[in-house]
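Enquirer:
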Amino acid sequence: MRRVLLLAALATAAGCGGSGASHLKALHQQGPIGSGAKEVWFYAAKGKPRSLVIFLHGYGGPVEETPKNHIPWLKHLAAEGSDVVYPRYEVGAAANPYPNIDAALDEATPRLGKPHVPVVVIGYSRGGRIAVDYAAVRAARGQEPAAVLAVFPGLVSPYERLGPLEKLDARLKLDIMLGDKDTSVGGVGARVILRRLEPAGFPGSQIKVIFVRSKGSFRADHLSVMATSPAAKAEIWRPADKLIDSVR
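By numbering that gives the first Met the number 0, the letter at position 131 of the sequence shown is numbered 130, and the numbering carries on one by one without gaps.
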């Protein structure tokens, strides 16, 4: 009887050490879970997760608010070892999207086994600007991500709540992507981010500006983040992979 109890205890302990996401199919879209601005989708990493990516969409209506426009990249991130969470975070627009992002993570991360891994925030367009502020919101409560990638970041709207950038840790890595044919936002959003970071005391040595260059049939415009050509992957996906790898 003692042997049976010992084996049962060992089995329980082994189960506690495993991932709570073992029942999830890697790279397979889960969700939506929740409703409205608190909806969330997520993807389990292939193999043991080595990072958690929070992907913040752009401003583009009900389709962009879902993963549909970005599924190939999201699955690539999961294939490279990241659990990926895609919060809807707003319906139309929100002055304060941060609680909705938090709510999405509260729904998704337990289902992913709450991995203890570096957090990377990737944001596109409007989401690129929000990613920087959300990093500051997290930093203010001691949960700063390891890195932020702002892809073609958009402008700040007058009514929006901004994050406390002075709370950002000097170890945070911030990469900003600019497309050489992006006539929608160009570098305006990036310049606003940089102007805000300077008085906050964030070190310029932790900021990297990446110029996404058009090549052949690949045109690095504002929508090129959705492209899946070899050139698009080389110009957008590969630098993102390098950033994520650098904080693992």
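Every residue, glycine too, gets a C-beta built ideally from N, C-alpha and C.
(1) Judging by CA-CA distance, which residue of L161, A239 and P96 is the nearest neighbour of V208?
(2) Looking at V131 and I192, is the spacing between their C-beta atoms short of 8 Å?
(3) Got a sec? Which residues, its chain only, sit under 7 Å from N99 by beta carbon, not counting five neighbours each side?
(4) For my contact list, D179 and A219 are in at a C-beta cut-off of 8 Å; report their separation, rounded to the angstrom.
(5) Using the beta-carbon count (16 or more within 10 Å), is D181 buried or exposed?
(6) So for S204, helix, strand or coil by DSSP?
(7) Is the CB-CB distance between L171 and E143 below 8 Å?
(8) Taking the beta carbon of R140 as the centre, do at least 16 other beta carbons fall within 10 Å, making it buried, or is it exposed?
(9) Secondary structure at S223, three-state DSSP: helix, strand or coil?
(10) Could you work out which residue in S213, R212, L196 and V211 is closest to Q205 when comparing CA atoms only?
(11) Taking the alpha-carbon positions, what's the N68 to L222 distance?
(12) Which residues in the same chain have their Cβ closer than 6 Å to the Cβ of Q29, if we skip the five residues on either side of it in sequence?
(13) Per DSSP, what kind of secondary structure is V83 in: helix, strand or coil?
(14) Let me know if F210 comes out buried or exposed under the rule of 16 or more other beta-carbons within 10 Å of its beta-carbon.
(15) Tell me the start and end of each unbroken beta strand (DSSP E) in the region 147–200 that is at least 3 residues and wholly inside, in chain order.
(16) Which one or two residues does DSSP pair with L51 in a beta bridge?
(17) Sorted by chain position, which residues of the same chain lie with C-beta nearer than 7 Å to D168's C-beta, five sequence neighbours on each side aside?
(18) Mind checking who V211 pairs with in its DSSP beta bridge?
(19) Measure the C-alpha to C-alpha separation of A58 and R125 and round it to an integer number of angstroms.
(20) Return the CA-CA distance between P152 and G46, expressed in angstroms with no decimal places.
(21) So G122 and L55 are in contact, right, with Cβ under 8 Å, and what is the actual spacing, rounded?
Expert: Per the coordinate set shown:
(1) A239
(2) yes
(3) A36, K37, P86, Y88, E89 and A93
(4) Their Cβ separation, rounded to whole angstroms, is 5 Å, which keeps D179 and A219 in contact under 8 Å.
(5) buried
(6) helix
(7) yes
(8) With fewer than 16 Cβ atoms within 10 Å of its Cβ, R140 is classed as exposed.
(9) Looking at S223 - three-state DSSP - the assignment turns out to be helix.
(10) L196
(11) Going from the Cα of N68 to the Cα of L222 covers about 10 Å.
(12) F41
(13) strand
(14) Residue environment: F210 is assigned as exposed (fewer than 16 neighbouring CB atoms within 10 Å of its CB, all protein chains considered).
(15) DSSP runs (the beta strand (DSSP E)) wholly in the region 147–200: 172–178.
(16) L51 has D82 and V118 as its beta-bridge partners, per DSSP.
(17) Excluding sequence positions up to five before and after D168, its CB lies within less than 7 Å of the CB of A138 and E143, all in the same chain and listed in chain order.
(18) G178
(19) The sequence shown places Tyr at residue 58, not Ala. Answer to the nearest angstrom: the Cα atoms are 6 Å apart.
(20) 31 Å
(21) 4 Å
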